[in-house]
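Chemist:
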Amino acid sequence: MPFPNSGRGNAPLASAPGGAVPQTALAPGGGADAPAALAGRGGRGRGGGQRFGLVPRIGLVLFCLLLLSSLLAPLLPIDNPLQQTLSLRNAGPSLRHLLGTDMVGRDVLSRAIYGCRSAFEGVGVGVLAMLALGVPWGLAAGFSGGAADEALMRIADALLSFPPLVLAIGVVSALGASITHAMVTVGFISAPGLARLLRSAVLPLRGAGFVLIARSLGVSRLRIAVRHVLPNAMAPAVVQTVAAASFFLIVEAALSFLGLGVPPPAPSWGADMASAYLNFTGDPAATVAPGLAITIGAWSISAVGDGLRDVLMRT
Amino acid sequence: MGAIILRRLATSVPTILVSTILVFALRYLMPGGPVEAMLGGGTGQYTPAQIAAIKARLGLNAPVPVQYWRWLTGVLHGNLGMSYYSQQPVTTVIAPRVIPSVELIIGALVVSTVAGGGLGILAAVKRGRPLGRAVQLGTGLGLSVPDFWLAAMAAGVFGLTLGLFPAVGFTPISQSLGGNIDTLTLPVLMLSVVTGSFLARHVASAMTAALDSPYIRTAWAMGLPPRTIYLNCALRNAAAPVITFIPLAVAALVGGTVLVENIFAIPGLGTEIVSSVSNEDYPVVQAIVLLVGVLVAVLNLLADVGLALFDPRIRNAISE
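Those sequence lines, one after another, are chains A and B. Residue 777 is where the first sequence starts when you use my numbering, and the numbers rise one by one after that. Residue 344 is where the second sequence starts when you use my numbering, and the numbers rise one by one after that.
#1: Would you identify the three-state DSSP class for A:Thr800, choosing helix, strand or coil?
#2: CA-CA distance, B:Gly424 and B:Arg470?
#3: Could you spell out where the alpha helix (DSSP H) holding A:Val1015 opens and where it closes?
#4: Residues of the segment 1059-1076 of chain A with a CB closer than 9 Å to any CB of chain B: list them in chain order, please.
#5: Alpha carbons only, please: which of A:Pro832, A:Gly829 and A:Gly963 is nearest the one belonging to A:Gly902?
#6: Measuring only between beta-carbons, confirm whether A:Phe1056 sits less than 8 Å from chain B.
#7: Check whether the Cβ of A:Tyr1053 lies closer than 8 Å to any Cβ atom in chain B.
#8: By the 8 Å beta-carbon criterion, what residues does the segment 594-625 of chain B contribute toward chain A?
#9: Measuring straight from C-alpha to C-alpha, what distance separates B:Pro408 and B:Phe367?
#10: Between the segment 612-627 of chain B and the segment 428-447 of chain B, do at least 3 Cβ pairs fall closer than 8 Å?
#11: How about B:Ile559 and B:Ala646: do their beta carbons lie closer than 8 Å?
#12: When you check each C-beta in the segment 392-412 of chain B against every C-beta of chain A, which residues fall closer than 8 Å?
#13: Run through the DSSP bridge pairs and tell me what A:Thr877 is partnered with.
#14: Closer than 8 Å, CB to CB, is B:Phe491 near chain A or not?
#15: For the alpha helix (DSSP H) that contains A:Ala990, what are its first and last residues?
#16: At the 8 Å Cβ level, is A:Met1049 part of the contact set with chain B, yes or no?
#17: Does any residue of chain A bring its CB to less than 8 Å from the CB of B:Gln458?
#18: Output yes if chain A places a C-beta closer than 8 Å to the C-beta of B:Ala495; else output no.
#19: Run the CB neighbour count on B:Glu604, radius 10 Å, all protein chains shown included, and call it buried at 16 or more, exposed below.
#20: For A:Gln799 and A:Leu974, what's the separation of their Cα atoms in angstroms?
#21: When Cβ atoms are compared, which residues of the segment 1003-1037 of chain A fall closer than 7 Å to chain B?
#22: On the three-state DSSP scale, how would you describe A:Ala812?
#23: Could you please give me the residues that DSSP links to B:Met425 through a beta bridge?
#24: Could you give the distance in angstroms between the alpha-carbon of B:Ala451 and the alpha-carbon of A:Phe938?
#25: At the level of alpha carbons, what is the spacing between B:Ala547 and B:Leu486?
#26: With three or more beta-carbon pairs closer than 8 Å as the criterion, would you say the segment 484-501 of chain B touches the segment 1058-1075 of chain A?
#27: Spatial neighbours of A:Ala1079 within its chain, please: CB distance less than 6 Å, with the 5 preceding and 5 following residues excluded, ordered by chain position.
#28: By the criterion of Cβ-Cβ separation under 9 Å, what are the contact partners of A:Pro912 in chain B?
#29: Tell me whether the beta-carbon of A:Asp1082 lies closer than 8 Å to the beta-carbon of A:Gln826.
#30: Can you tell which of B:Gly483, B:Leu349, B:Val441 and B:Phe607 has its C-alpha closest to the C-alpha of B:Leu532?
#31: In its own chain, which residues sit with a C-beta less than 6 Å from the C-beta of B:Arg544, not counting the 5 before and 5 after it?
#32: Quick one: what's got a C-beta closer than 6 Å to A:Leu1025's C-beta in the same chain, skipping five residues either side?
#33: Assign A:Gly941 to one of three DSSP states: helix, strand, or coil.
#34: Closer than 9 Å, Cβ to any Cβ of chain A: which residues of the segment 634-659 of chain B, in chain order?
#35: Closer than 8 Å, CB to CB, is B:Leu465 near chain A or not?
#36: Kindly indicate if chain B contains any beta-carbon less than 8 Å away from that of A:Leu830.
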């Protein structure tokens, strides 16, 4: 399983160890996020450093292709993903079935394309849940400071490294197998990581000039936090959200693989792989196709996230 | 040093408490609550008197905080309840499951630290050159590959087709060490791909930061051999930020073991939790979730204490 709360490549931003160690203690890069939030935002125009590179562009194109094919799946010249042709079980690639058929004669390519839908649904649910909890959490902690900040961050620390997949299994066992329940859980348990990043970007803005001016003009604290501070502190949270989306895609597949997500007849990358892998030597395409789809999906999203990091955050 | 450990210990108590509250709260998520979960097929066929008797037996009439306290003291005494499925104490059910999972996690942690560390150093040293880019691209890909897919294919290719390793099953270490290693090789390697890539990324970025710092420039100017500069000067400073990511790696490995154990049919906590979900054996699921939460918290603690031992800057920051 990959890493929910870590923000992948951006090592210094991802987490400080426990509450006890001040972030600045991690000298090589550890304290870099606070100045970056100020310096990067204060100037004219975009504060970012590099351009959106080649690899992120490839990722963006792949991601758009996946998204388009999942939206336009009914219009594509492919078979119905549910239609079984029992005379054509475990068939190899042919013109009619480009990637062959699975163990009950369903078109492998068609199921991989339709599988995008449940994957993106799961990712969407997870991201919404994470934002709904994480953004208010981080904003409140960073903007209020003091005891509230301390309490909110302690709770975040406590949840930060809880394995999301295991908790999702726990919730599914209580509420019944449902990919929505599972992904809401995964989103919620990933929220502390987002909150932590947002908080450290908000914290240095509390005393910023534009906040003091807004306050002296009598703008309410809530409005200052949401309209003025949040847009200026969003960069690391955006990068983290995209990184989390890539992780959610894999978790959705993992849960379906374990039979705890999307129920069997519906096309789903994880569930399709689970039913095909025992017959791997007989019909490798049926196992390879959904796995490759997950890999391309997760990689494209995280490549976009890396590109956004280069653009939005000064390193 | 003792003071630092105590101070850090004090901060991990709330962490563990929050996980216990989380796990305790899970049972109230169930549509029918704990009673229905215990009765299985729904409460319809039972008379209100019977349900009340079960409620009384389970102590469900007490206020929720009191119930939590009773449950928590029970857990601290090693009483995790009875399995609904096997009618045995939960501790008896999960105790034999711990060792295979821990073996998997430790094995994968060692492999991914060594391989990930090496690749990360390589990526930082060869940064901007084809080899460095290849490593960055490879680790990026390694982070996106679902480990259960690799595991499934490895079981098929190396296990079934080539017959190099057993495709499924597990030999306990008490039975045969060689057999144990044989059955664990593929699962450990497959688990290490994602974690190794993750650590490689973090080692690379910490190494890059260290290699850009003035003391490294001085070291080059002094004419130290590259090997000394990379391994003795830069790596030592780069290691501190990386150690903080090891607990995250462990948390991710725990998720990965659930899948890999199910593919290779290893009788660990991962296979137990999945079969308990399908058996609706809620106490076992709850116990495993709790165990995992506490395990990760303890590893966090160890990593932070290790960090303080390792890096005097952090030691000073904590004791201030």
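The beta carbon of each residue, even a glycine, is placed where N, CA and C say it ideally should be. Just so you know, these numbers come straight off a predicted model, no measurement behind them.
Modeler: Looking at the atomic coordinates:
#1: Any reading at A:Thr800 must be qualified, since the residue scores a pLDDT of 35, below 50, and its modelled position is unreliable; no value is offered.
#2: Take the alpha-carbon of B:Gly424 and the one of B:Arg470: they are about 55 Å apart.
#3: Segment Ala1011 to Phe1033, the alpha helix (DSSP H) holding A:Val1015.
#4: Pro1060, Thr1063, Val1064, Pro1066, Gly1067, Leu1068, Ile1070, Thr1071, Ile1072, Gly1073, Ala1074, Trp1075 and Ser1076
#5: Nearest option by C-alpha distance: A:Gly963.
#6: yes
#7: yes
#8: Ala594, Ala595, Leu596, Val597, Gly598, Gly599, Val601, Leu602, Asn605, Ile606, Ile616, Val617, Ser619, Val620, Ser621, Glu623 and Tyr625
#9: 10 Å
#10: yes
#11: no
#12: none
#13: A:Asp883
#14: yes
#15: Membership of A:Ala990 in the alpha helix (DSSP H) is indicated by the continuous run Gly985 to Ser992.
#16: yes
#17: A small fix is needed here, since residue 458 of chain B is Ala in this sequence, not Gln. B:Ala458 does not count as touching chain A.
#18: yes
#19: So B:Glu604 ends up on the buried side.
#20: Note that A:Gln799 has pLDDT 35, beneath the 50 cutoff, so the model's placement of it is unreliable and the number below is only indicative. Each residue's Cα considered, the two are about 14 Å apart.
#21: Within the segment 1003-1037 of chain A, the qualifying residues are Ser1022, Ile1026, Ala1029, Ala1030, Phe1033, Leu1034 and Leu1036.
#22: Note that A:Ala812 has pLDDT 39, beneath the 50 cutoff, so the model's placement of it is unreliable and no number is given.
#23: Paired residues: B:Pro432.
#24: CA-CA distance, B:Ala451 to A:Phe938, rounds to 19 Å.
#25: 14 Å
#26: yes
#27: Val831, Pro832 and Gly835
#28: By Cβ distance, chain B contributes nothing, its closest Cβ being about 19 Å from A:Pro912, past 9 Å.
#29: no
#30: B:Phe607
#31: Thr482
#32: Ala895, Val899, Gly1073 and Ala1074
#33: As written in the sequence, residue 941 of chain A is Leu, which differs from the Gly given in the question. It is helical.
#34: Residues Val635, Gly636, Val639, Ala640, Leu642, Asn643, Leu644, Ala646, Asp647, Leu650, Ala651, Asp654, Arg656, Ile657 and Asn659.
#35: Closer than 8 Å: no.
#36: No - not a single Cβ of chain B is within 8 Å of the one on A:Leu830.
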